[in-house]
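Visitor: Per the numbering used here, the sequence shown runs over residues 30 to 128. Think of the CB as a built atom: it goes at the ideal place given N, C-alpha and C, for glycine as much as any other residue. One structure, as structure tokens, below. Some questions next.
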Amino acid sequence: ADQLLDDLNISHVRDKQPYQMSAGEKQRVSIARAIAHQPKIIFADEPTASLDRKNAEIVIDQLRKRTRKATLFVVTHDETILEGASRVIRLFAGKEVTG
């Protein structure tokens, strides 16, 4: 767990309460908690929405590295998350679209 916190650049919030953290720190803590449990399936709704580009790239990298044996469902507007995905389903107005 310590290494995961270091990898996500949030080891400094280990002993903080949620009200003492920024939105991005809270988001990364939530992602760390999900990854640490090593589930078979992770649902991530906009996992990089509250993050600057640097931390978004770190989160994407950690999700890829640490969920290789899991199924990762991601809802996002951030196209960089899609790189390397084995399958991408695009929706528009609730319907699947191609292209």
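Have a look at ILE64 and ASP35 and give me their C-alpha separation to the nearest angstrom.
Guide: Indexing the sequence shown from 1 puts residue 64 at position 35. Indexing the sequence shown from 1 puts residue 35 at position 6. ILE64 and ASP35: Cα-Cα distance of roughly 14 Å.
Visitor: Over what stretch of residues does the beta strand (DSSP E) that includes GLU112 continue unbroken?
Guide: Here residue 112 corresponds to residue number 83 of the sequence shown, with the count starting at 1. GLU112 -> no beta strand (DSSP E), and no H or E assigned at all.
Visitor: On a Cα-Cα basis, can you pick out the residue from SER115, SER51, ALA30, ALA122 that is closest to ASN84?
Guide: The count along the sequence shown starts at 1 and reaches residue 84 at position 55. Residue SER51 is the option with its Cα nearest to ASN84.
Visitor: Taking three-plus beta-carbon pairs below 8 Å as touching, is the region 86-93 in contact with the region 37-57?
Guide: yes
Visitor: Whose C-alpha, out of HIS106, THR127, GLN46, THR96, is nearest the C-alpha of ILE60?
Guide: Reading the sequence shown from its first residue, position 31 is the one you call residue 60. Measuring from the Cα of ILE60, the nearest candidate turns out to be THR96.
Visitor: Between LYS45, PHE102, ARG119, ASP81, which lies nearest to ILE71 when the distance is taken from Cα to Cα?
Guide: Counting from one through the sequence shown, the residue named residue 71 turns up at place 42. Relative to ILE71, the option among LYS45, PHE102, ARG119, ASP81 whose CA is nearest is PHE102.
Visitor: According to the Cβ coordinates, are LYS69 and THR100 closer than 8 Å?
Guide: What you label residue 69 is simply residue 40 of the sequence shown in a count that begins at 1. What you label residue 100 is simply residue 71 of the sequence shown in a count that begins at 1. Result yes, Cβ atoms of LYS69 and THR100 sit closer than 8 Å.
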